[in-house]
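Everything in the sequence shown is counted per our numbering, starting at 5 for the first residue and increasing by one.
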Amino acid sequence: MEKRLIKDQLNRPLRDLRISVIDRCNFRCTYCMPAEKFGPDFAFLPKSELLTYEEIERVARIFVSLGVEKIRLTGGEPLLRKDLPTLVKKLSAIEGLKDIGLTTNGVLLPKYAKELKEAGLLRVNVSLDTLNSELFGKINGRGVGVDVILTGIKAAQDAGLGVKINMVVKKGLNDSEIVPMATFCKEQGLQLRFIEYMDVGSTNGWKMDDVITKKEIYELLKEHYLLEPVDPDYFGEVAKRYRYDGTNVDVGFIPSVSESFCSSCTRSRLSANGQIFTCLFNGEGHDIKEFMRKNVTDEEIADRITNIWGARKDRYSDERTEESAKNRKKIEMSYIGG
Ligand code: SAM
Ligand code: SF4
Ligand code: SF4
């Protein structure tokens with residue numbers, strides 16, 4: 005298929021794609037899937053509604069032909085989807101795709117890290133919000149301790165995968181863990197990324213007051229470390245990075261709330277049931293699954309994606325207010341994958 009580069013209404017190219025492969029999770033993180041809202045009766049997607057790996061590979065290949073260079077697999081917990089390395093292998097064979105990553109809570113990495121690496125996965129982002137096992141057990145809602153995740157991280161490193169750590173910081177929950185986590189990751193040579201707590205979905209009870217901003221975290225770190233700013237690696241890089249002076253270890257910030265980056269947002273998202281979202285804060289997606297199942301050609305699918313991207317005007321974080329956070333219909337983080 006002929007390659008074309010597409011741009012949206014604000015002149016932003018399509019460069020990266022997040023694919024959620026499953027909306028289920030073995031955790032119930034308080035800021036993502038609070039246990040009281042995601043109980044035993046919660047209606048997760050039935051297996052029959054998920055895109056098959058063949059369908060994901062097809063749509064991903066078409067996305068690559070339209071300019072996507074990076075794909076990240078996510079969920080829910082992506083490692084709960086059966087045979088994920090099979091999908092990674094299919095994706096890594098796509099010509100023109102430069103990077104495949106995975107975001108995971110890390111629990112199943114000891115089982116899958118080696119296989120994922122052999123299948124072509126390059127990097128993993130492992131979510132870890134504290135080094136305190138008791139607190140971590142409360143945050144993940146399942147009583148799972150920190151050791152389980154550290155074992156997962158080690159397995160990923162041993163397998164030769166690049167590893168970054170994602171820490172969501174929520175005021176009064178784990179802000180006391182900012183410095184211990186920074187110190188630990190620096191010593192281990194792991195890039196830590198502090199993520200501002202976001203108003204995704206409508207179940208986590210988000211309030212602006214609960215957000216600890218990038219600036220606050222940065223000021224706190226500066227009391228302990230000398231930090232040098234690092235230039236972005238590419239247009240649209242989301243993390244603002246710094247390097248601990250005299251080392252080659254970076255620390256990053258994802259300031260989605262306090263310093264929005266909509267003007268350089270080049271990311272599309274594909275849900276596990278085949279909906280395309282052009283913004284993390286959309287209420288509804290654009291169907292691609294049923295369309296694909298109608299015997300259409302790759303060109304027709306490419307045209308549809310081109311139209312969806314071409315109509316895009318999203319800049320939710322630029323315009324966010326306490327009111328919009330409460331009143332707007334938004335999909336859940338566990339459904340769209342971050
Ligand atoms: N289960 C995997 C994990 O936790 O890494 C992948 C899916 S999870 C939805 C993707 C990322 O979103 C994780 O790094 C998680 O910490 C982050 N996340 C979840 N809820 C969030 C929120 N309310 N604000 C900011 N980040 C959030
Ligand atoms: Fe699951 Fe990840 Fe959400 Fe935690 S952040 S509940 S691990 S999907
Ligand atoms: Fe991109 Fe939407 Fe986030 Fe803005 S709010 S950076 S458009 S996903």
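Note that the Cβ used here is the ideal one computed from N, Cα and C, for glycine as well. Being a predicted model, the structure only gives us computed values, none of them experimental.
Going by C-alpha distance, which of the options is nearest residue i?
i    : options                : result
M212 : C36, F140, K330        : K330
S180 : T134, L231, E303       : T134
V234 : E200, K244, T155       : K244
K142 : L177, L154, D318       : L177
T187 : D214, G205, K175, L224 : L224
W210 : G145, K190, M337       : M337
S52  : V183, E294, I75, G314  : E294
V253 : G166, I216, D307, E327 : G166
Y222 : V173, L77, K168        : V173
P236 : R324, G256, L101       : G256
C266 : A315, I292, R324, L49  : R324
K334 : I309, I305, H228, G289 : G289
H370 : V183, E200, C269       : No information on residue 370 is available, as it lies outside the stretch 5 to 342 that the chain covers here.
L194 : Q161, E200, V215, D214 : Q161
I98  : V63, V128, T78         : V63
T251 : K317, Q192, K7, F198   : Q192
I258 : F42, I169, V128        : I169
D151 : N136, Y246, G342       : N136
I305 : F48, Q279, E232, E40   : Q279
I153 : L196, E59, F140, I312  : F140
E59  : N299, M202, R332       : N299
D291 : L54, F48, P50, F31     : L54
Which residues in the same chain as residue i place their Cβ atom closer than 7 angstroms to its Cβ, once the five residues preceding and following it in sequence are excluded?
i    : result
P89  : Y116, E119, L120, A123
G351 : The shown model of the chain, from 5 to 342, leaves out residue 351, and the question about it has no answer.
I340 : S24, R273, S275, F281, L284
I104 : I75, V92, L95, S96, G124, L125, L126
G156 : G110, V111, L113, P114, V130
C36  : N208, M337, S338
E263 : K218
Taking buried to mean at least 16 other C-beta atoms within 10 Å of its own C-beta, is residue i buried or exposed?
i    : result
L230 : exposed
Y238 : exposed
R277 : Sequence inspection shows Asn at residue 277; the Arg mentioned does not correspond to that position. By the 10 Å Cβ count, N277 comes out buried.
F67  : buried
L14  : exposed
P44  : exposed
G205 : buried
K385 : The structure shown does not extend to residue 385, since the chain is modelled only from 5 to 342, so the question has no answer here.
F46  : exposed
R297 : exposed
M5   : exposed
S328 : exposed
K218 : buried
D322 : exposed
V261 : buried
T56  : exposed
Could you please give me the residues that DSSP links to residue i through a beta bridge?
i    : result
I26  : Partner(s): none; I26 has no beta bridge.
P233 : Y246
M171 : F198
V204 : For V204, which the question treats as bridged, DSSP gives no partner whatsoever.
N129 : T107, K168
R273 : R22, F281
N76  : Asn is not the amino acid found at residue 76; the sequence shown has Arg there. Partner(s): R22, G105.
F257 : F198, K244
K11  : P17
V215 : K174
For residue i, I'd like the list of residues in its chain whose CB is within less than 6 angstroms of its CB, leaving aside the five on either flank, ordered along the chain.
i    : result
G80  : I26, D27, R28, C29, S338
K190 : Y248, V253
R319 : C266
E326 : M212
Cutting at 8 angstroms between CB atoms, please list the residues of its own chain near residue i, excluding the five before and the five after it.
i    : result
A315 : D12, Q13
T270 : R16, P17, L18, R19, D20, F239, G240
E73  : R19, D20, G100, L101, K102, D103
Inset, instruction - Pull every residue with its beta-carbon under 6 angstroms away from any heavy atom of ligand 1, and keep them in chain order. - result: C29, Y35, C36, T78, G79, E81, T107, T108, N109, S131, N170, V172, I199, Y201, M202, V204, N208, M337, S338, G341, G342
Legend entry - Test item, CB below 5 angstroms from any non-hydrogen atom of ligand 3: C266, C269, C283, L284, D318, Y320, S321
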